[in-house]
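For the sequence shown, the numbering used here gives the first residue as 1056, with consecutive numbering after it.
Yeah, the Cβ is synthetic: ideal placement off N, Cα and C, and Gly gets one too.
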Amino acid sequence: MKYFKILMLSLLLLPFAGCEKTETFNNTADRVGHSRVIFFPIVTLKGDRYMVVPVGGTFTDPGVTAKVGDADVPSTTSGTVNTSAPGVYTLVYTALNSDGFAATAIRTVAVYSTDASAAANDLSGNYLRAATGITSTWIKMAPGVYQVINPGGAAAGASLVAIVFNATGFTVDMPTQVTSDGLTSSTTSEVYTNGSPSSYSWIFLNPGYGTGVRTFVKQ
């Protein structure tokens, strides 16, 4: 009998529970219920992430596209490229949404001057750093200009990319630049030995690395 009374009481309460008011949400493109949807900016490079220009040449910035949701928004560019002076230049493109949130994209431009003693060289390939068993990869972009992946030969540096010049003979140099990790990098004490196999050594100057000489042998 006790269970029968509990069942009857539950059935009597159901209509009252069913009459409770429910709130209707009218979702729109920029709102979900009471919450406002925030669209963050997206900046996409036009053209290549890494570009090369000979000294005295003309650099034309391909620019970017910047969007917030489906809408185009303006972007700003910081940094310049001086085609009169060899070096590695960084352009930073920034776009904002209406809430002030920013997004950026980065382009690296190498302005090079390579003489006849180095123009025909091809230093591209994989170089092993025996101390760590890690490989550094050189990719030729133009006469005397190389994109070097993992220039420090570190286990944690697999995605770090820098630009290296071979401007004359078999000399190599990494000019001061902002590398793909967002830090300022360069090299010193560089020695490249052309042979069978070829090898090179340098001190890779980057806040995440030490100051010891790093030696690599071509595979």
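Compare the Cα-Cα distances from Thr-1115 to each of Met-1106, Val-1203 and Lys-1122 and report the closest residue. Translated into the one-based positions of the sequence shown, residue 1115 becomes position 60. Among Met-1106, Val-1203 and Lys-1122, the Cα nearest to that of Thr-1115 is on Met-1106.
Less than 8 Å between the beta carbons of Thr-1266 and Ala-1222, yes or no? Counting from 1 along the sequence shown, the entry for residue 1266 is found at position 211. Counting from 1 along the sequence shown, the entry for residue 1222 is found at position 167. The answer is no: Cβ separation not under 8 Å.
Selection from Thr-1113, Trp-1257, Ala-1157 and Thr-1149 that minimises the alpha carbon distance to Val-1227: To locate residue 1227, count along the sequence shown from 1; it is residue 172. Of Thr-1113, Trp-1257, Ala-1157 and Thr-1149, the residue nearest in Cα terms is Trp-1257.
What are the start and end residues of each continuous beta strand (DSSP E) run of 3 or more residues lying completely inside the segment 1186 to 1230, in chain order? 1189 to 1197, 1200 to 1204 and 1216 to 1220
For Ser-1133, does the three-state DSSP call read helix, strand or coil? Against the sequence shown, residue 1133 aligns to sequence position 78. The answer is strand: DSSP assigns Ser-1133 an E or B state.
From the DSSP output, in three-state form, read off Ala-1175 for me. Start at 1 with the first residue of the sequence shown, and residue 1175 comes out as number 120. DSSP places Ala-1175 in coil when its eight states are reduced to three.
Measure the alpha-carbon distance for Gly-1212 versus Thr-1192 and round it to whole angstroms. Within the sequence shown, the letter at position 157 stands for residue 1212. Within the sequence shown, the letter at position 137 stands for residue 1192. Their backbone Cα atoms lie some 12 Å apart in a straight line.
Which residues does DSSP pair with Ser-1244 in a beta bridge? Within the sequence shown, the letter at position 189 stands for residue 1244. For Ser-1244, which the question treats as bridged, DSSP gives no partner whatsoever.
Does the distance from the CB of Val-1200 to the CB of Tyr-1247 come in under 8 Å? Taking the sequence shown and counting its residues from 1, one reaches residue 1200 at position 145. Taking the sequence shown and counting its residues from 1, one reaches residue 1247 at position 192. The answer is no: Cβ separation not under 8 Å.
Report all residues from its chain with a CB closer than 8 Å to the CB of Val-1110; omit the five preceding and five following residues, and keep chain order. Within the sequence shown, residue 1110 is the residue found at index 55, counting from 1. Only Thr-1138, Ser-1139, Ala-1140, Pro-1141, Val-1166, Tyr-1167 and Ser-1168 meet the Cβ criterion.
Among Tyr-1264, Val-1268 and Ala-1173, which residue has its Cα nearest to the Cα of Glu-1245? Translated into positions along the sequence shown, residue 1245 becomes position 190. Among Tyr-1264, Val-1268 and Ala-1173, the Cα nearest to that of Glu-1245 belongs to Val-1268.
Start-to-end residues for the beta strand (DSSP E) that takes in Tyr-1105: Mapped onto the sequence shown, residue 1105 falls at position 50. 1105 to 1109 is the span of the beta strand (DSSP E), which, as asked, contains Tyr-1105.
Out of Leu-1215, Ser-1241 and Phe-1220, point me to the one whose CA is closest to Ser-1235's CA. Numbered from 1 along the sequence shown, position 180 holds the residue referred to as residue 1235. Nearest of Leu-1215, Ser-1241 and Phe-1220 to Ser-1235, Cα basis: Leu-1215.
For a quick check, are the C-beta atoms of Tyr-1144 and Val-1098 less than 8 Å apart? For the purposes of this step, residue 1144 is taken as residue 89 along the sequence shown, with counting starting at 1. For the purposes of this step, residue 1098 is taken as residue 43 along the sequence shown, with counting starting at 1. No, these two residues do not count as a Cβ contact at 8 Å.
Quick one, are the C-beta atoms of Ser-1251 and Phe-1271 less than 8 Å apart? In the sequence shown, residue 1251 corresponds to position 196, counting from 1. In the sequence shown, residue 1271 corresponds to position 216, counting from 1. Their beta carbons are not under 8 Å apart, which means Ser-1251 does not touch Phe-1271 by this criterion.
Opposite Val-1233 in the DSSP bridges: which residues? Position 178 of the sequence shown, counted from the first residue, corresponds to residue 1233. In the DSSP output, where bridge partners are listed per residue, Val-1233 has Thr-1239.
Closest by C-alpha distance to Val-1108, when choosing among Thr-1242, Phe-1220, Gly-1237 and Gly-1188: As a first step, residue 1108 is located in the sequence shown; it is residue number 53 there, counting from the start. Looking at the Cα atoms, Phe-1220 is the closest of the given residues.
Go ahead and label Thr-1242 buried or exposed: buried means 16 or more other beta carbons lie within 10 angstroms of its beta carbon, across all protein chains shown. By one-based count along the sequence shown, residue 1242 stands at place 187. It counts as buried.
Given that a residue counts as buried once 16 or more other Cβ atoms are within 10 Å of its Cβ, and exposed if not, what is Ile-1093? By one-based count along the sequence shown, residue 1093 stands at place 38. Label assigned to Ile-1093: exposed.
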